[in-house]
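The next block holds one structure in the form of structure tokens; read it before the comments.
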Amino acid sequence: MMNIAKLILKSDETLNILLPQNSNCKNINYQAQELELKKEIDINLNDLKNCDNEKIIETIKQTYQNNLVKELDLSSQKEKIKILFILNEVPKFLKSIYKECEFKEYGLANYLEFDEIWDFYENNVRYFTVLTSMGANKIKLCLKNTQEIEDEINIMEINLDKE
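If you read the sequence shown in the working numbering, its first letter stands for residue 1, the second for the next number, and so on.
In structure tokens, the structure reads:
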């Protein structure tokens with residue numbers, strides 16, 4: 001049985017996230033907010049900013065030519081972090097399954113690492129890049145301590161603490 005794919009951020013430090021705020025105008029305002037341990041949050045991918053790092057976009061486009069790339073900003077006391085999301089479309093042969101899926105806003109399948117830009121540093125920013133679940137409009141995100149062991153299926157962990 002398929003579950004909603006989740007992105008688990010692992011860190012023993014306090015993390016702040018720049019979240020889109022609801023607004024009535026076309027411009028979306030972003031507000032920094034501290035991530036709470038073990039509290040799951042939903043983020044609408046369409047509300048995230050488009051990635052504007054041309055060097056990174058060029059690398060991604062070598063593999064995913066037609067996919068949008070969105071970015072989520074995080075920060076700890078010691079560094080800035082960007083998680084990039086390559087939006088993954090539902091292939092034609094899976095459209096009928098997708099239509100029947102009860103949690104389709106989170107997409108089908110799991111997240112995948114984009115190895116070319118994983119734990120990558122540029123201009124004092126650390127980047128992680130994720131290919132989203134197929135057809136995802138939202139992501140489910142949760143912060144957990146590095147010692148916690150995951151027993152859920154359909155998760156991707158990003159360890160933000162250096163080993």
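Idealized CB from N, CA, C, for every residue including glycine.
Query	Result
Cβ contact (3+ pairs, closer than 8 Å) linking the stretch 71-81 and the stretch 10-19	yes
Pairwise C-alpha distance: I149 and Y127	24 Å
S11 in three-state terms, based on DSSP	coil
Buried versus exposed, by CB contacts within 10 Å (16 or more), Y111	buried
Euclidean distance between Cα positions of N50 and N3	27 Å
Close-in-space but distant-in-sequence residues of the same chain around L94 (CB under 7 Å, 5 per side omitted)	L108, M134
Member of I28, T59, E102, Q21 whose CA lies at the smallest distance from the CA of A136	E102
Start and end residues, beta strand (DSSP E) containing E157	155-159
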